[in-house]
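For my numbering, count along the sequence shown from 1 and bump the result up by 190.
By construction, the Cβ of each residue, glycine as well, lies at the ideal position given by its N, Cα and C atoms.
The structure presented is a predicted model; accordingly, all values stated were derived computationally and were not measured.
Since the structure comes first, as C-alpha cells, the remarks are kept for the end.
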Amino acid sequence: MAPPLTIAIDGPAAAGKGTLARRLAAHFNLPYLDTGLLYRAVGRRVLDHGGDPADPAQAAQAARALTPADLTRDDLRTQAVDRAASAVAGQAAVRAALLDFQRQFARTQGAVLDGRDIGTVVLPDATAKLFVTASLAARAERRWRERGAVLGALAQVTADLAARDAEDAARTIAPLRPAADAVTLDTTALDAEAAFQAALALVAAAIGARASPS
Ligand code: DC
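Put into C-alpha cells, the structure is as follows:
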C-alpha cells in the first residue's frame, strides 16, 4: 500500500506557511500540525516557572512535560514567547523530545506539518516539500498587520524577525534551510489566494511524480 500523503512546509517566520499549510490540509483532508507551537509551548512553560529558556536542563524538562493542553493556550504568540521559543529550539534535547510526537502525528493518516526542519529532519520522506519564503520587508509588514498591537512598531517587528531568522538559520542542530529536494515558493508578490494556488500546483506535481516515478 502507498504510504499516506505527507506535506512538509518549511520557511522563515511570517512567510505565510501557516495559512498555506492549513488550506492544503483542508484541501487534501489531512490533519495539520503547526510545529512552531510545540517550541512556543516549551518556552512558555519555562517562563511560567520563572526559568531561563536558554538553560538546557530547564528547557529539556519543559519539553518532556509538554501536554496537548499546552498547545491550546492563548498566550503563545507574545514577544517574550517568540524569543523563548527560539532559545529552546536551538537545544538538542528539546528537539529530540519533540521529534517522536511530530513523526507519530503524520504516520497513520498522513498530515501537513509546518516548521523549520520538517523536510530535512522530521519527515525526510515527505511526499511533497515546500520551502515557503518572502522578503524580510514583506514578512515584517504581514506580521505587523496581524500582531502589531502586541509586538510594537514595524521597525521593531522587522528587527525581531531578522534576529530570530538569523538564530534559527545559524544554529548547529536542525537549522532553518531548504531540504535538497524541496521546492521554494516565494510569496513576496503573492496574495494568500495566489500563494495557495501556486502551492497546490507544486504539491499536485509532487503527488504525480510519486504516482509515476520516472
Ligand atoms: O513558526 P513559529 O514562529 O511559531 O516558531 C517558533 C520558534 O520555533 C521559531 O524560533 C522557530 C522554531 N521552530 C523550529 O526550530 N523548528 C520547527 N519545526 C518549528 C519552529
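Whether residue i touches residue j by CB criterion (8 Å)
| i | j | result |
| --- | --- | --- |
| Val302 | Ile197 | yes |
| Leu344 | Glu357 | no |
| Pro243 | Ala274 | yes |
| Ala364 | Val311 | yes |
| Ala385 | Leu223 | no |
| Ala250 | Ala203 | no |
| Asp290 | Thr225 | no |
| Gln299 | Pro193 | no |
| Ala352 | Leu326 | yes |
| Leu237 | Ala259 | no |
Between the CA atoms of residue j and residue i - distance to the nearest angstrom
| i | j | result |
| --- | --- | --- |
| Thr257 | Val278 | 17 Å |
| Arg329 | Gly206 | 8 Å |
| Leu266 | Gln387 | 29 Å |
| Arg212 | Arg285 | 23 Å |
| Ala391 | Asp376 | 14 Å |
| Ala379 | Ala324 | 8 Å |
| Leu313 | Glu383 | 26 Å |
| Leu366 | Ser402 | 31 Å |
| Asp272 | Leu341 | 10 Å |
Cβ-heavy atom distance, residue i to ligand 1, below 7 Å
| i | result |
| --- | --- |
| Ala301 | no |
| Gly226 | yes |
| Ala275 | yes |
| Tyr229 | yes |
| Arg332 | no |
| Ala279 | yes |
| Asp265 | no |
Identified DSSP bridge partners for residue i
| i | result |
| --- | --- |
| Tyr222 | Val302 |
So, does the region 195-214 touch the region 315-331, judging by three or more C-beta pairs under 8 Å?
yes
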